[in-house]
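I have placed the structure first, in the form of structure tokens, so that the comments after it can refer back to it.
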Amino acid sequence: MQDGRKVVFSGVQPSGNLTIGNYLGAIKNFSGFSDEYKCYYCVVDLHSITVRQVPAELRKRTYDTLALYLACGLDPDKNTVFVQSHVPAHAELAWILDCYTMFGELSRMTQFKDKSAKNAQNINAGLFTYPSLMAADILLYQTEMVPVGADQKQHVELARDIAIRFNTIYSDTFVVPEPSIIKTGHKIMSLAEPEKKMSKSDSNENAVVRILDTKDTIIRKFRRAVTDSGSEIRFAEGKDGINNLITIYCAFTGKTVEETENEFSGMGYAEFKAAVGEVCADSLAPVQEMFAKYSSDKGFLESVMKRGAEEASYSARKTLSKVKRKVGFII
Ligand code: ATP
Ligand code: LTN
Numbered sequence: 046m047q048d049g050r051k052v053v054f055s056g057v058q059p060s061g062n063l064t065i066g067n068y069l070g071a072i073k074n075f076s077g078f079s080d081e082y083k084c085y086y087c088v089v090d091l092h093s094i095t096v097r098q099v100p101a102e103l104r105k106r107t108y109d110t111l112a113l114y115l116a117c118g119l120d121p122d123k124n125t126v127f128v129q130s131h132v133p134a135h136a137e138l139a140w141i142l143d144c145y146t147m148f149g150e151l152s153r154m155t156q157f158k159d160k161s162a163k164n165a166q167n168i169n170a171g172l173f174t175y176p177s178l179m180a181a182d183i184l185l186y187q188t189e190m191v192p193v194g195a196d197q198k199q200h201v202e203l204a205r206d207i208a209i210r211f212n213t214i215y216s217d218t219f220v221v222p223e224p225s226i227i228k229t230g231h232k233i234m235s236l237a238e239p240e241k242k243m244s245k246s247d248s249n250e251n252a253v254v255r256i257l258d259t260k261d262t263i264i265r266k267f268r269r270a271v272t273d274s275g276s277e278i279r280f281a282e283g284k285d286g287i288n289n290l291i292t293i294y295c296a297f298t299g300k301t302v303e304e305t306e307n308e309f310s311g312m313g314y315a316e317f318k319a320a321v322g323e324v325c326a327d328s329l330a331p332v333q334e335m336f337a338k339y340s341s342d343k344g345f346l347e348s349v350m351k352r353g354a355e356e357a358s359y360s361a362r363k364t365l366s367k368v369k370r371k372v373g374f375i376i
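In structure tokens:
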């Protein structure tokens, strides 16, 4: 609890240009919490260097990710919006939590297995301990709820296990967090390989639709989306490509699968793909417009991140002092 309100925390890595997966599974849902909860939204730059980044690009994407948060409706007067590396308590608590996280637990994380396979030449220790830094992010603020896409459920569950373990050894220290996963859009799949999650760092540009893609690009990418040899617009087992397009359509329009199937009954894949492209581009247009406004005002973004870091540091330091005292450090 903070100011009598429960706490929400989430983060996005500035590791690429954000996709509609990041938007529908995470960011779009962030602003809905701020009336009821004390909310922290972080650009997790420390996490992003687990994969090699070009420094100038990382810096630019950190500003852009913050601008996108604002463009998606996060009001900095109602939410604490900040950059992870500006609050050193994240890295400090992560080290401590590393000592309460088991090798076996980290070895079972599917993101670690996927990213190790993709970056075989750079399987660094940070990639392995990524989840304990994520646990530090969450536990520092006594977070109750963590809005994320389905792929992050396993990491939030590990954060719960770490919190419970620490609380059991030293008495209650951390609130035990819960993931909050949206029903429609929690796992948007790649347009090129629909059995794989859409990922912003995918090297195949046709696999991903980015929040900032132009309307023409969006329409073209959906037109090329991989589907099966069928023709009916129907959600069915094993039809990953068309199921993904139906999910995207439903997530943008708020319609149910049944309503969508009825709306497109008798029509073919080409017509449906065009409709998904239109709805997606039109829904993103206002976000793009706001992004243009925020991203061109670096001074404003810097003032938001500075104020966010000050607010976040205040709460983070309280938890960190408590933790240090409990483990036996002199503070
Ligand atoms: P990377 O490709 O660098 O691993 P990513 O696209 O997986 O990045 P993250 O920064 O790891 O993105 O994720 C930010 C948020 O977006 C998380 O809450 C994550 O669960 C969510 N998210 C990422 N991809 C998808 C997706 N395809 N569908 C739904 N949610 C997603
Ligand atoms: N691991 C997350 C990003 C992330 C995060 C967090 C999400 C880092 N710290 C804390 C929620 C809460 C990802 O999306 N890959």
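Residue numbers (this note's numbering): 46 to 376. We put the beta carbon where it would ideally sit given N, CA and C, even for glycine. The structure presented is a predicted model; accordingly, all values stated were derived computationally and were not measured.
Under the DSSP assignment, C295 falls in the alpha helix (DSSP H) whose first and last residues are 285–298. Less than 8 Å divides the Cβ of L69 from the Cβ of I233. Judged by DSSP secondary structure, C325 falls within the alpha helix (DSSP H) whose first and last residues are 314–340. N249 is classed as exposed because its beta carbon has fewer than 16 other beta carbons within 10 Å across all chains shown. Per DSSP, the unbroken alpha helix (DSSP H) holding V349 starts and ends at 343–372.
T107 carries a helical assignment under DSSP once its states are collapsed to helix, strand and coil.
Taking C-alpha positions only, L290 is separated from G56 by approximately 26 Å. Contact annotation: Y82 and M190 have beta-carbon atoms nearer than 8 Å. Under DSSP, the beta-bridge partners assigned to E223 are M190.
Here the C-alpha atom of V321 lies approximately 31 Å from the C-alpha atom of S93. Remark: C-beta atoms of T218 and K371 approach each other more closely than 8 Å.
By the beta-carbon neighbour count (other beta carbons within 10 angstroms, threshold 16), S152 is exposed. Within the same chain, Cβ atoms closer than 7 Å to the Cβ of I141 are found at V368, V372, the five residues on either side in sequence being excluded. Counted as a single uninterrupted DSSP element, the alpha helix (DSSP H) harbouring G149 occupies residues 148–152. In the three-state reduction of the DSSP assignment, M179 falls in the helix class.
Boundaries of the beta strand (DSSP E) around Y86: 83–88.
A distance below 7 Å between beta-carbons, with the five flanking residues on each side excluded, links G286 to the following residues of its chain, in chain order: P239, A270, V271, T272, D273. Excluding five sequence positions before and after S276, the CB atoms of its chain that fall closer than 8 Å to its own CB belong to G313, Y314, given in chain order.
Nearest C-alpha to C87 among T155, P121, A195: P121. Per DSSP, the continuous beta strand (DSSP E) segment holding N124 begins and ends at 124–128. Under the three-state reduction of DSSP output, K228 falls in the coil class, being neither helix nor strand. Annotated as proximal: K245 and L63, with beta-carbon spacing under 8 Å.
Here S360 has Y186 as same chain residues with Cβ atoms under 6 Å from its own Cβ, once five neighbours each way along the sequence are excluded. Note on Q58: 16 or more other CB atoms within 10 angstroms of its CB, so buried under the neighbour-count rule. Sixteen is the threshold: when 16 or more other Cβ atoms of the shown chains lie within 10 Å of the Cβ of P222, as they do, the residue is buried. In the DSSP assignment, F54 falls within the beta strand (DSSP E) that extends over 52–57.
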